[in-house]
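Chemist:
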Amino acid sequence: MKKNSSSAKFITLEGGEGAGKSTSRDFIVSLLSDHSIPFVHTREPGGTPIGETLRELLLSKKGVPPSVTTELLLVFAARAQHLHETIEPALAEGKWVLCDRFTDATYAYQGYGRGFDLNAISTLEDLVQNGRQPDLTVLLDIDPVVGMERARLRAELDRFEEEELAFFERVRAGYLSRASKDSRFEVVDASQNVTAVQADLAAILQPLLEGGG
Ligand code: Z5A
Numbered sequence: 021m022k023k024n025s026s027s028a029k030f031i032t033l034e035g036g037e038g039a040g041k042s043t044s045r046d047f048i049v050s051l052l053s054d055h056s057i058p059f060v061h062t063r064e065p066g067g068t069p070i071g072e073t074l075r076e077l078l079l080s081k082k083g084v085p086p087s088v089t090t091e092l093l094l095v096f097a098a099r100a101q102h103l104h105e106t107i108e109p110a111l112a113e114g115k116w117v118l119c120d121r122f123t124d125a126t127y128a129y130q131g132y133g134r135g136f137d138l139n140a141i142s143t144l145e146d147l148v149q150n151g152r153q154p155d156l157t158v159l160l161d162i163d164p165v166v167g168m169e170r171a172r173l174r175a176e177l178d179r180f181e182e183e184e185l186a187f188f189e190r191v192r193a194g195y196l197s198r199a200s201k202d203s204r205f206e207v208v209d210a211s212q213n214v215t216a217v218q219a220d221l222a223a224i225l226q227p228l229l230e231g232g233g
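Just so we're aligned, residue 21 is where the sequence shown starts under our numbering, counting upward by one.
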């Protein structure tokens, strides 16, 4: 695995619909700021002009939907540019990177959700990431029934959010399966109230923050 030349950390946030990623991201941003840690906050798909254009294509409900292969390649195309233009330069400058979703989302959505071959995803991951992996991945885990209810109350649903419940059950199972096999994951019970979720996040981040200011 590629190591950062500095103590800068690469942190990713993952979870299904309505898990509270935006809410948690804002809280982590405040923790980093309170500790005077230089950081970049970014997201996938997106994070660069090319990536944001690809994001619009991926989330759009207009026209013929992309095939699963097209969807997968667009996600990795956006990620290649994101690593090149945003993530790697920031880490090289000693800035932490807080990223809303990364490759675990590809395994969860395109792999477990849509049924794309996990080995093919792994091949693209190797090609695009050149060994780069997050130092910490916070998985906000929630029952999709609860999460979708939150998402529906929040805003108009995008193309992914209009999938059936079984799809989100597979996405959740995929995330939990990956989390059970890799120590970089911390799983947070996202069905708790915001105060309890934030207390968990603070406890998870504390060891990193102590060494990172
Ligand atoms: N995607 C993919 O398929 N493959 C990939 O490789 C990647 C992505 C990278 C866009 O992602 C889509 O891209 C995504 C998968 C696909 N699928 N969808 N949709 P996104 O991350 O931009 O979209 P999102 O999942 O909708 O994320 P979000 O906007 O951050 O939403 P959220 O997790 O639901 O967070 P939220 O807005 O903070 O919370 C939702 C609501 O719940 C909101 O009203 C909050 O006030 C409320 N909330 C938050 N926390 C709580 C608690 N604890 N209690 C009660 N209510 C709460």
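In this text, a Cβ means the ideal position worked out from N, Cα and C, and glycines have one as well. Small disclaimer: the values here were computed from a predicted structure and weren't measured.
So which of E230, D161, I57 and K82 has the shortest CA-CA distance to L111?
Modeler: Position 91 of the sequence shown, counting from 1, holds the residue named residue 111. If we check each option's Cα against that of L111, I57 comes out closest.
Chemist: Could you have a look at R204 and say whether DSSP puts it in helix, strand or coil?
Modeler: Mapped onto the sequence shown, residue 204 falls at position 184. R204: coil per DSSP, three-state reduction.
Chemist: Using C-beta distances below 7 Å, list every residue in its chain close to G233, excluding the 5 sequence neighbours before and after it, in chain order.
Modeler: Taking the sequence shown and counting its residues from 1, the one referred to as residue 233 is at position 213. Low confidence applies here, because G233 scores a pLDDT of 49, under 50, leaving its location unreliable; read the following figure in that light. Excluding positions up to five away in sequence, the list reads H55, S56 and I57.
Chemist: Tell me which residues share the same chain as H102 and place their Cβ nearer than 6 Å to its Cβ, disregarding the 5 neighbours each side in the sequence.
Modeler: Along the sequence shown, one-based indexing puts residue 102 at 82. G67, T68 and G71.
Chemist: As a quick exercise: from A39, P227, R121 and V88, pick the residue whose alpha carbon is nearest that of V214.
Modeler: Counted from its first residue, the sequence shown places residue 214 at position 194. The candidate whose alpha carbon is nearest that of V214 is A39.
Chemist: Using the DSSP secondary-structure output, state which residues sit across from H61 in a beta bridge.
Modeler: Numbered from its first residue, the sequence shown carries residue 61 at position 41. Paired residue(s): L118.
Chemist: State yes or no: is the C-beta of R161 within less than 7 Å of the C-beta of E34?
Modeler: In the sequence shown, residue 161 corresponds to position 141, counting from 1. In the sequence shown, residue 34 corresponds to position 14, counting from 1. At residue 161 the sequence reads Asp, which differs from the Arg that was named. Cβ distance not < 7 Å, so D161 and E34 don't count as in contact.
Chemist: Going by alpha carbons, who is nearest to Y195 out of I141, E184, V207 and A186?
Modeler: Position 175 of the sequence shown holds residue 195. Cα-wise, what sits closest to Y195 is V207.
Chemist: Can you tell me which of the three DSSP states D161 falls into?
Modeler: The residue you call residue 161 lines up with position 141 of the sequence shown. Strand at D161.
Chemist: Tell me whether T73 counts as near the ligand SAH, meaning its Cβ is closer than 6 Å to at least one heavy atom of that ligand.
Modeler: Among the ligands present in this structure, namely the ligand Z5A, the ligand SAH is not found.
Chemist: From D18 to T143, what distance separates their C-alpha atoms?
Modeler: Here the chain has residues from 21 to 233 only, and residue 18 is not among them.
Chemist: Inspect the CB distances between the region 74-94 and the region 176-186 and report whether three or more fall short of 8 Å.
Modeler: The answer is yes - the region 176-186 touches the region 74-94, with three or more Cβ pairs under 8 Å.
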